[in-house]
Each structure stands twice: as structure tokens, then as C-alpha cells.
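A.B. asks: Next up is a structure, given as C-alpha cells.
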Amino acid sequence: MKICIINGPNLNLLGKREPEIYGSQTFEEYLEILKGKFTNVELTYFQSNIEGELIGKIQENGFSYDGIILNAGAYTHTSIGIGDAIKSITTPVVEVHISNTFSRESFRHQSYISGNAKGVILGFGMKSYELAIMSFL
């Protein structure tokens with residue numbers, strides 16, 4: 539099984555950025571834990587702060603992977619293009635958020651991804667990614 543994890547803007551700052559919301563662990567550290575837990579799954583990882591690069595990666599993997607786990611960060615609430623990219627591919631996508639976006643600012647309650655995703659997991663910290671992987675097994 540091949541699953542690609544795609545993280546959007548500012549998620550390269552995990553471990554430094556607002557640790558009271560996002561924790562103190564980098565994503566790269568957590569990815570190694572995930573790879574150790576799911577040895578039967580080929581996990582690849584991509585992060586970008588650029589919307590077009592995220593769309594390109596979704597399109598690149600959207601016909602050959604068994605699943606995509608997408609945390610589009612702030613683009614979740616603004617990018618019709620990312621929502622359209624998900625609608626255009628055959629690989630199922632699970633939308634993930636580390637925080638509970640519904641307990642935060644009201645602009646974070648809108649998602650252009652959710653309606654095109656297989657499911658949405660939010661508010662469980664980094665464990666949200668693990669739950670997303672489990673949804674594909």
C-alpha cells in the first residue's frame with residue numbers, strides 16, 4: 539500500500555510554531571514514528587508553502603497511490619484550486635488537521651476540501667495522521 543502525506547503552508551514549522559496548538563514535535567520526527575508503526579505501508583511525504591506545488595503533487599500521486607492524507611493548512615479555507623484537484627483524481631483523500639478547526643477562528647470553519655474528501659479527521663494532534671492511515675487499511 540502506498541500513501542502520500544501532503545502538508546501545506548507553515549507546517550514545515552511544526553515543533554516551533556505555536557506549540558500550545560501544534561505541539562513541540564517536528565513532522566519529520568513524527569513521520570519516523572509512523573513509518574515504524576506501519577511497516578507494511580509505503581509512506582511518502584511532501585510539504586510546500588506554495589499552493590501550485592500542492593496541486594501538482596495531488597495530481598502527480600492522484601492516480602497511482604492508494605491514498606493521500608492532506609493537511610492543506612490555511613489553504614483549506616481559501617483554495618478552490620486544491621478542492622478541484624481532489625475532485626479530479628481517483629485516489630481517495632483524507633483531510634487532516636492537527637487542531638480542531640471548529641474551536642478556532644470562524645474563518646477556519648470553511649473547508650474547500652471536505653466535500654471532495656473520503657473523510658475528515660481533526661483535533662487529535664499529530665495522531666490525526668495515524669488515524670488517517672488507519673482509515674485506508
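In this note's numbering, the protein residues as written are 539 to 675.
No residue lacks a Cβ here, since even glycine has one placed at the ideal position from N, Cα and C.
(1) Any idea if H635 is buried or exposed, counting beta-carbon neighbours within 10 angstroms, 16 or more meaning buried?
(2) What would DSSP say about T484, mapped onto helix, strand or coil?
(3) In chain order, what residues of the same chain have a beta carbon less than 6 angstroms from the beta carbon of T614, not counting five sequence neighbours either side?
(4) Are the region 543-554 and the region 601-615 touching, with three or more C-beta to C-beta distances below 8 angstroms?
(5) Using 8 angstroms for Cβ pairs, my map puts G657 next to N638. What's the rounded Cβ distance?
(6) Given K595, which residues of its chain have a CB within under 6 angstroms of its CB, disregarding the five upstream and five downstream residues?
(7) Suppose the cutoff is 7 angstroms on Cβ atoms and the five residues either side in sequence are ignored; what does the same chain contact list for S617 look like?
C.D. replies: Looking at the coordinates:
(1) Translated into positions along the sequence shown, residue 635 becomes position 97. When all chains shown are included, H635 counts as buried.
(2) Residue 484 lies beyond the residue range present for the chain, which begins at 539 and ends at 675; the question has no answer from this structure.
(3) By 1-based counting over the sequence shown, the position of residue 614 is 76. For T614, where only same-chain residues beyond five positions count, the Cβ hits under 6 angstroms are S649 and I651.
(4) yes
(5) Start at 1 with the first residue of the sequence shown, and residue 657 comes out as number 119. Start at 1 with the first residue of the sequence shown, and residue 638 comes out as number 100. About 15 angstroms separates the two Cβ atoms, so there is no contact after all.
(6) Along the sequence shown, read from residue 1 onward, the residue named residue 595 stands at position 57. Excluding residues within five positions, the ones whose Cβ falls inside 6 angstroms are I544 and F584.
(7) Here residue 617 is taken as the residue at index 79 of the sequence shown, counted from 1. Cβ within range, chain order: E589, A610 and Y650.
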